[in-house]
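Colleague: Provided herewith is a single structure, encoded as structure tokens, for subsequent inquiry.
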Amino acid sequence: MAKIASLSEENKKQQEAHKKVVDDLMAQIKKLTAQLAWLNRQFFGRKSEKVDPYDPNYPDLFADMLPENKQEVDAAYEQAVEKVDKPTRDDKKQKRRNRVMQENLPILKTTVIEPVGIDPTKYKKIGEERTLVTHLKPGMLYNEEIIRVKYGLISNTSLPDADKKGVMIAPMPLLPIYKGIAAASLLSEILLQKYAYHVPFYRQIKQFEHLGMKGLKENTIDGWFKQAMELLRPLHDALKEEVLKADYVQVDETTTNVVDHDKKKASKEYLWMVRAVMERLVLFHYEEGSRAGRVIQELAKNLKGYLQCDGYAGYETAFRANPDVHLVNCMAHIRRKFEAARTESKDMADHALQDIQRLYRIERACDDAGCTPEKRKAKRQELAKPIMDSLKMWMETEGIKYSESSLIGQAITYAYTRWDNMMRYLEDGRIKIDNNLAENEIRPITLGRKNYLFCGNHEAAKNMSVICSLLATCKAHEVNPREYLNDVIARMPYMQKATHEQLVELLPHRWKPLKENPYPKDWGTITTTDNTQQ
Numbered sequence: 005m006a007k008i009a010s011l012s013e014e015n016k017k018q019q020e021a022h023k024k025v026v027d028d029l030m031a032q033i034k035k036l037t038a039q040l041a042w043l044n045r046q047f048f049g050r051k052s053e054k055v056d057p058y059d060p061n062y063p064d065l066f067a068d069m070l071p072e073n074k075q076e077v078d079a080a081y082e083q084a085v086e087k088v089d090k091p092t093r094d095d096k097k098q099k100r101r102n103r104v105m106q107e108n109l110p111i112l113k114t115t116v117i118e119p120v121g122i123d124p125t126k127y128k129k130i131g132e133e134r135t136l137v138t139h140l141k142p143g144m145l146y147n148e149e150i151i152r153v154k155y156g157l158i159s160n161t162s163l164p165d166a167d168k169k170g171v172m173i174a175p176m177p178l179l180p181i182y183k184g185i186a187a188a189s190l191l192s193e194i195l196l197q198k199y200a201y202h203v204p205f206y207r208q209i210k211q212f213e214h215l216g217m218k219g220l221k222e223n224t225i226d227g228w229f230k231q232a233m234e235l236l237r238p239l240h241d242a243l244k245e246e247v248l249k250a251d252y253v254q255v256d257e258t259t260t261n262v263v264d265h266d267k268k269k270a271s272k273e274y275l276w277m278v279r280a281v282m283e284r285l286v287l288f289h290y291e292e293g294s295r296a297g298r299v300i301q302e303l304a305k306n307l308k309g310y311l312q313c314d315g316y317a318g319y320e321t322a323f324r325a326n327p328d329v330h331l332v333n334c335m336a337h338i339r340r341k342f343e344a345a346r347t348e349s350k351d352m353a354d355h356a357l358q359d360i361q362r363l364y365r366i367e368r369a370c371d372d373a374g375c376t377p378e379k380r381k382a383k384r385q386e387l388a389k390p391i392m393d394s395l396k397m398w399m400e401t402e403g404i405k406y407s408e409s410s411l412i413g414q415a416i417t418y419a420y421t422r423w424d425n426m427m428r429y430l431e432d433g434r435i436k437i438d439n440n441l442a443e444n445e446i447r448p449i450t451l452g453r454k455n456y457l458f459c460g461n462h463e464a465a466k467n468m469s470v471i472c473s474l475l476a477t478c479k480a481h482e483v484n485p486r487e488y489l490n491d492v493i494a495r496m497p498y499m500q501k502a503t504h505e506q507l508v509e510l511l512p513h514r515w516k517p518l519k520e521n522p523y524p525k526d527w528g529t530i531t532t533t534d535n536t537q538q
């Protein structure tokens with residue numbers, strides 16, 4: 005009998021273990037089926053945010069557990085919904101090599117520089133120093149010949165004046181690359197092609213060859229890029245300081261592939277983006293590819309104000325002990341969770357999606373009316389707050405009905421644990437309801453990733469952050485990036501000892517094109533003949 009009892013007990017344990025395995029597998033199948041259905045809908049189905057109305061007559065089995073103030077919250081909710089749901093208008097949708105590279109290009113620009121303070125009774129012209137630099141005009145490569153006229157004393161027996169020399173020649177203009185042939189316009193085009201139009205260097209070389217530049221090598225163009233980034237890095241540092249002065253920033257991070265030479269493969273690293281929303285300044289920051297919260301914690305250590313981000317736990321960890329930083333989460337990320345849960349629990353997910361849609365209608369109405377931040381805040385307090393309060397109560401009461409392993413349970417848990425942060429957008433009319441502006445700024449990085457594939461090392465990724473920051477800020481202020489880079493790359497060699505304030509004046513939001521050559525007037529007299537228009 006004891007043996008039978010023992011076998012029976014063992015059989016019972018095996019059945020329980022088997023049932024647990026089956027239940028786990030069924031839950032996994034259910035989850036994967038829901039994910040597959042969601043992916044199918046993303047690729048083949050309708051992506052509209054419109055949702056079917058939630059049935060208010062659905063029986064509530066947990067009515068006795070509702071909070072005492074439910075009627076008060078429901079009443080405020082109904083008043084807000086009645087106003088929000090009113091019909092609104094539709095949404096508006098090097099030397100030899102240098103010679104080889106330059107020999108087929110026409111000289112369309114000649115610059116003659118005469119030294120300052122030449123006394124024609126004492127000096128005569130004895131020669132010239134000629135330098136070729138290559139420019140790019142869209143669809144055309146051409147050379148500029150810089151001629152520095154050289155003068156010597158007429159009489160070998162006479163002596164020069166105290167502040168003069170026996171042979172006089174004007175200093176060479178400072179070029180973007182020391183003793184390099186690439187002018188500012190050529191360098192700016194290389195940068196634009198790669199980081200605005202996502203054309204890798206090897207493809208650019210083919211384009212330049214078709215325009216007449218023969219013999220250009222990829223290591224040459226890569227060297228030009230590195231030196232150009234060193235030239236622009238002070239502007240990136242100045243931009244970083246300006247961005248982190250703001251009291252409302254949006255932050256996001258994206259991946260970029262960086263070659264790990266020790267492992268002999270490309271590793272997925274992280275690039276951070278910080279956008280000063282009201283100032284429309286964009287900063288990309290790379291720190292050895294780390295996504296750890298300490299990176300943004302150190303970067304924004306002096307920030308005082310609102311930091312809007314997605315639900316990544318690193319932000320909460322980084323700023324939990326910092327009372328000066330108030331985290332605001334993103335409604336778009338919350339909405340995506342409920343959208344993913346529709347295939348599993350359509351009615352429940354649609355209830356949340358419908359209210360989130362109402363919140364976005366409030367924002368669109370404020371946009372259409374051109375509301376000031378103060379008026380937007382008032383409208384949010386009147387209409388959005390009751391909806392937010394009602395959604396919070398709905399999650400508190402409905403969340404207990406669903407396992408965290410289910411998609412709807414995951415969506416409710418994700419939203420509820422971030423809801424207090426999310427409600428901070430009601431406090432200030434400047435704060436956006438979502439982090440989409442930040443996501444839009446990192447989209448070019450994603451596009452570039454598919455074209456130039458990877459950065460060669462950590463230094464290359466840091467260099468990428470420099471140019472991407474300037475290009476994104478140009479875009480935010482509707483500044484022509486070609487004109488901007490042409491100008492600042494030509495000016496930066498003369499700005500090596502510039503103050504922070506002087507550098508800020510060269511950032512896209514303050515930049516004004518220089519109307520004359522940055523060459524100091526006391527260096528020489530410049531005469532330029534420009535035939536590029538012919």
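Heads up, the sequence shown is in my numbering, so the first residue is 5 and it goes up one at a time.
For each residue, glycine too, the CB sits at the ideal point set by N, CA and C.
What is the residue span of the beta strand (DSSP E) that Tyr-310 lies within?
Modeller: Start and end: 309-312.
Colleague: If we count the other Cβ atoms within 10 Å of its Cβ and call it buried at 16 or more, is Ala-415 buried or exposed?
Modeller: Buried, by the Cβ-count rule.
Colleague: Any contact of the region 222-238 with the region 166-185, i.e. 3+ C-beta pairs under 8 Å?
Modeller: These segments touch.
Colleague: Report, in whole angstroms, the separation of the C-beta atoms of Val-247 and Leu-191, which I expect to be a contact under 8 Å.
Modeller: Rounded, the Cβ-Cβ distance is 25 Å, inconsistent with contact.
Colleague: Kindly identify the DSSP beta-bridge partner or partners of His-481.
Modeller: Note: His-481 sits in no beta bridge, so no partner.
Colleague: Mind checking whether Ala-174 and Arg-152 have CB atoms under 7 Å apart?
Modeller: Closer than 7 Å, so yes.
Colleague: Answer with buried or exposed for Leu-29, where buried requires no fewer than 16 other C-beta atoms within 10 angstroms of its C-beta.
Modeller: By the 10 Å Cβ count, Leu-29 comes out exposed.
Colleague: Mark Ile-404 as exposed unless 16 or more other C-beta atoms lie within 10 angstroms of its C-beta, in which case mark it buried.
Modeller: The residue in question, Ile-404, is exposed, as its Cβ has fewer than 16 Cβ neighbours within 10 Å.
Colleague: Less than 7 Å between the C-beta atoms of Ile-435 and Tyr-523, yes or no?
Modeller: No; because the gap between Cβ atoms is not below 7 Å, this pair is not in contact.
Colleague: Going by DSSP, what residues sit across from Pro-180 in a beta bridge?
Modeller: Pro-180 is not bridged to any residue.
Colleague: If you follow the alpha helix (DSSP H) that Tyr-155 is part of, which residue opens it and which one closes it?
Modeller: It is not in any alpha helix (DSSP H) - Tyr-155 instead sits in the beta strand (DSSP E) that spans 144-157.
Colleague: Give the secondary structure of Lys-97 by DSSP, where H, G and I count as helix, E and B as strand, and everything else as coil.
Modeller: The pLDDT assigned to Lys-97 is 48, lower than 50, so where the model puts this residue is not dependable; a value taken from the coordinates is nonetheless given after this. Looking at Lys-97 - three-state DSSP - the assignment turns out to be coil, as it is neither helix nor strand.
Colleague: Could you check how far apart the C-beta atoms of Ala-77 and Ser-394 are, in whole angstroms? I think they sit under 8 Å.
Modeller: The displayed chain sequence assigns Val, not Ala, to residue 77. The pair is a contact, with the Cβ atoms about 6 Å apart (cut-off 8 Å).
Colleague: Thinking C-beta only, is Asp-534 closer than 7 Å to Pro-517?
Modeller: Cβ atoms of Pro-517 and Asp-534: not closer than 7 Å.
Colleague: Going by DSSP, what residue range makes up the beta strand (DSSP E) through Thr-125?
Modeller: Per DSSP, Thr-125 belongs to no beta strand (DSSP E) and is neither H nor E.
Colleague: Could you tell me whether the region 104-115 touches the region 145-159, using the rule of 3 or more Cβ pairs below 8 Å?
Modeller: Verdict: yes, contact present.
Colleague: Going by alpha carbons, who is nearest to Ala-480 out of Arg-453, Arg-514, Ala-494, Ala-464?
Modeller: The candidate whose alpha carbon is nearest that of Ala-480 is Arg-514.
Colleague: Between Asp-314, Leu-275, Glu-283, which has its C-alpha nearest Leu-303's C-alpha?
Modeller: Nearest C-alpha to Leu-303: Leu-275.
Colleague: Can you check DSSP and say which residues form a bridge with Ile-173?
Modeller: DSSP lists Lys-154 as partners of Ile-173.
Colleague: Helix, strand or coil for Asp-264 per DSSP?
Modeller: Strand at Asp-264.
Colleague: First and last residue of the alpha helix (DSSP H) that includes Met-233?
Modeller: Counting along the chain, the alpha helix (DSSP H) containing Met-233 begins and ends at 222-247.
Colleague: Since I believe Ala-353 is in contact with Ala-345 (beta carbons under 8 Å), could you give me their beta-carbon distance rounded to a whole number of angstroms?
Modeller: Yes, they are in contact, since the Cβ atoms of Ala-345 and Ala-353 sit about 4 Å apart, within 8 Å.
Colleague: Taking all protein chains shown into account, do 16 or more other C-beta atoms lie within 10 angstroms of the C-beta of Lys-466, making it buried, or fewer, making it exposed?
Modeller: With 16 or more Cβ atoms within 10 Å of its Cβ, Lys-466 is classed as buried.
Colleague: Which value, in whole angstroms, describes the spacing of the CA atoms of Lys-169 and Val-470?
Modeller: Lys-169 and Val-470: Cα-Cα distance of roughly 43 Å.
Colleague: Name the one or two DSSP bridge partners that Ile-111 has.
Modeller: Answer is Asn-147.
Colleague: Give every residue of the same chain whose Cβ lies closer than 7 Å to the Cβ of Leu-157, excluding the five residues on either side of it in the sequence, and list them in chain order.
Modeller: Excluding residues within five positions, the ones whose Cβ falls inside 7 Å are Lys-126, Tyr-127, Pro-164, Gly-170.
Colleague: In terms of residue numbering, what span does the beta strand (DSSP E) encompassing Thr-417 cover?
Modeller: Unbroken run through Thr-417 is the alpha helix (DSSP H), 411-420; no beta strand (DSSP E).
Colleague: Under a three-way DSSP split, which group does Val-278 fall into?
Modeller: In the structure shown, Val-278 sits in a strand (DSSP, three-state: E or B).
Colleague: Under 7 Å, do Asn-333 and Arg-422 count as touching if we go by C-beta distance?
Modeller: Yes, these two residues count as a Cβ contact at 7 Å.
Colleague: Measuring CB to CB, does Ile-300 end up less than 7 Å from Ala-322?
Modeller: Yes, they are a contact pair.
Colleague: Please identify the residue among Ala-476, Arg-279, Lys-379 whose C-alpha is closest to the C-alpha of Glu-431.
Modeller: Out of Ala-476, Arg-279, Lys-379, Lys-379 has the C-alpha closest to the C-alpha of Glu-431.
Colleague: Rounding to the nearest angstrom, what Cα-Cα distance links Glu-443 and Pro-377 in this structure?
Modeller: About 22 Å.
Colleague: Quick check on Tyr-498: does DSSP put it in helix, strand or coil?
Modeller: In the structure shown, Tyr-498 sits in a helix (DSSP, three-state: H, G or I).
Colleague: Determine the DSSP secondary structure at Glu-133, reduced to helix, strand or coil.
Modeller: In this structure, Glu-133 counts as strand in the three-state DSSP scheme.
Colleague: Buried or exposed, going by whether 16 or more other CB atoms sit within 10 Å of the CB of Gly-374?
Modeller: Exposed, since its Cβ has fewer than 16 Cβ neighbours within 10 Å.
Colleague: Under 8 Å Cβ to Cβ from Asn-306, same chain only, skipping five residues before and after it: list those, please.
Modeller: Result list for Asn-306: Leu-248, in chain order.
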